[in-house]
Each structure stands twice: as C-alpha cells, then as structure tokens.
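Chemist:
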Amino acid sequence: AYSAGLAPQSGFMFNLQPQGMSGPGLAGSPTSDFAYQKEEFPALGNMGAASSPSQHAGGSQRAGTPEGDKEKYGLLGILKVIKMTDPDLNTLALGMDLTTLGLNLNSPESLYTTFGSPFSDQPARKDPEYHLPQCYYIQPPHMKTTHFMKFQPETLFYIFYNMPSDVLQAYAAAQLYHRCWRYHRELKLWFQNIQNNDRGESRWTFFDTTTWSKRPYMGQLDTSQFLQEDDVRVKLPS
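For the sequence shown, this note's numbering begins at 783 and goes up steadily by one.
1. Would you mind sorting Arg-985 into buried or exposed? The rule is 16 or more other CB atoms within 10 Å of its CB.
2. What are the residues that DSSP puts in a beta bridge with Ser-984?
3. With a cut-off of 8 Å on the beta carbons, I'd call Leu-883 and Pro-900 a contact; round off their distance for me.
4. If we count the other Cβ atoms within 10 Å of its Cβ and call it buried at 16 or more, is Glu-983 buried or exposed?
5. Quick one: using the 10 Å Cβ neighbour count with 16 as the cut-off for buried, is Val-1014 buried or exposed?
6. Could you tell me the distance, in whole angstroms, from the CA atom of Leu-861 to the CA atom of Leu-880?
7. Using 10 angstroms around the beta-carbon of Ile-920, count the other beta-carbons present and answer buried if the total reaches 16, otherwise exposed.
8. Compute the beta-carbon to beta-carbon distance between Phe-942 and Ala-956, rounded to the nearest angstrom, for a pair I have assumed lies under 8 Å.
9. What residue does the alpha helix (DSSP H) around Lys-854 start on, and which one ends it?
10. Indicate, with yes or no, if the ligand ATP has a heavy atom lying under 7 Å from the CB of Gly-859.
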C-alpha cells in the first residue's frame, strides 16, 4: 500500500492503494485504481462537516493565504487533477497530445520544417521570410600584393600576428620593413627609429600588442638582434 501523511495538525491520512488490495481503513472501488474514504477528508468543503483552521467564520477560503496554498498545491490539490474537473489544470499538469496539433510523430522528416508554432494554424515556410541586400552577394576582391601599400600599420600588424606560417604574413613583414620598421628576434617586437630634427636625437618606439598602439621604448636595445631586410623578403619558388 502507498500512504502519505499530511501535517499533524490536519488530523487525517491520505491512503493510496492499488485496486484489489485490502487493508484496515481502506474502501475498494471497482472503477478507480485508487480509493479513499469520505470521512478521511474532513476539510474538503462539502464532503465533511469539520472546518479547517484556514477557514473563517463565514466559511470562505481566503485566496493567497499559506493555508490556501497548501490545499491548492499540496496533496489536496492532486484530487482536482485525478478528477479532471479543471481543463486548464489538466493541460498544465498532464500536458497536451501533440497529434492534436497536426504533428505526425511517425514522420521520418524533421518536424520543424512543417510545424511553425502551437499558436499558428499555418505550416512553417521553408523559404526564409527575409531578403538579403544585393551588396551581400558581391564577392570580395582577391588579395593582391599592391593592397599592402594602402594598409595602415595597425592592419599590417594584425596580418602579421594573426596569420602565422602564411604568405600574407611574409608580405606584411616586407611592407613593414619598407616603412622603416624592424623586427627584434629576442624581444619578438617591432621597432621604429624616430628622428627628432630639432634636437638631432633619435628614439625607438615599438608596437605594443597589448594596447595595440605605438609606445616609446625606454630600455637598452640591442640592434644586432634585428632581422635583416633580406631575411623578411618574400622569396617565391622558381
């Protein structure tokens, strides 16, 4: 037998037992798998004369009170689902038969191609309901070596750091050397010597990948670690 006891202050037990089994305090019913005795539920409205603590002098149940929530969402609320007296509650608790929505659950094809929405009687459209502008259909031009002369230094650095072992990396490095940038083997940074015509001095700046900007270099720089221009020149196979 299956039994679930409610709060001690309610004073009754909720006993469930499959049909055909017997026991003390149980009443069998030939039309239901589970049976209960009427006198076991003194707080069920007209089914018993005793009043529960959640009822007031007028006999009405105040909605939204903790006592009312216990009867609505507790074991007493299961009776409404078992009796199937509330269609909305049955749909919420038991769900809906998908075949009533026109779905063929035995179809070998995907359902999303024909089922648009449970709130729509029209089937889903296979073609998209939007149109791409013509500019999206234009094929971009192929990359040419002459394009590197028009790129900004930040674009060349992006190609160099994000396309390793690619021929475009070599072309970006060659263009940076053409613009007086030098790559340091040890520091793995690009440097450029800036001349100060007023004072006749020069200072080194480097490209900082963390801030993606040019910054002055304050330390000692070993210029012998710079790659030579011949080392970065693109050599195509003959």
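Here a beta-carbon is modelled for each residue, glycine too, at the ideal position from N, C-alpha and C.
Modeler: Let me lay it out:
1. Indexing the sequence shown from 1 puts residue 985 at position 203. Here Arg-985 is exposed: its Cβ has fewer than 16 other Cβ atoms, across all protein chains shown, within 10 Å.
2. As a working mapping, residue 984 is identified with position 202 in the sequence shown. Answer by DSSP bridge pairing, in chain order: Gln-977.
3. Here the question's residue 883 lines up with position 101 in the sequence shown. Here the question's residue 900 lines up with position 118 in the sequence shown. That pair is a contact at about 6 Å.
4. If you number the sequence shown from 1, residue 983 lands on position 201. By the neighbour-count criterion, in which 16 or more other beta carbons inside 10 Å mark a residue as buried, Glu-983 falls on the exposed side.
5. Sequence index remark: in the sequence shown, residue 1014 carries index 232 (1-based). Looking at its Cβ environment, which holds 16 or more other Cβ atoms inside 10 Å, Val-1014 is buried.
6. Here residue 861 refers to the residue found at position 79 of the sequence shown. Here residue 880 refers to the residue found at position 98 of the sequence shown. When rounded, the distance between both Cα atoms is 25 Å.
7. Reading the sequence shown from its first residue, position 138 is the one you call residue 920. Classification of Ile-920: exposed, given that the 10 Å Cβ count is below 16.
8. Within the sequence shown, numbered from 1, the residue matching residue 942 stands at position 160. Within the sequence shown, numbered from 1, the residue matching residue 956 stands at position 174. The beta-carbon distance between Phe-942 and Ala-956, rounded to whole angstroms, is 10 Å. This is too long to meet the 8 Å contact definition.
9. In the sequence shown, the residue the question calls residue 854 occupies position 72. Residues 848–855.
10. What this structure holds is no ligand at all, so the ligand ATP is not there to describe.
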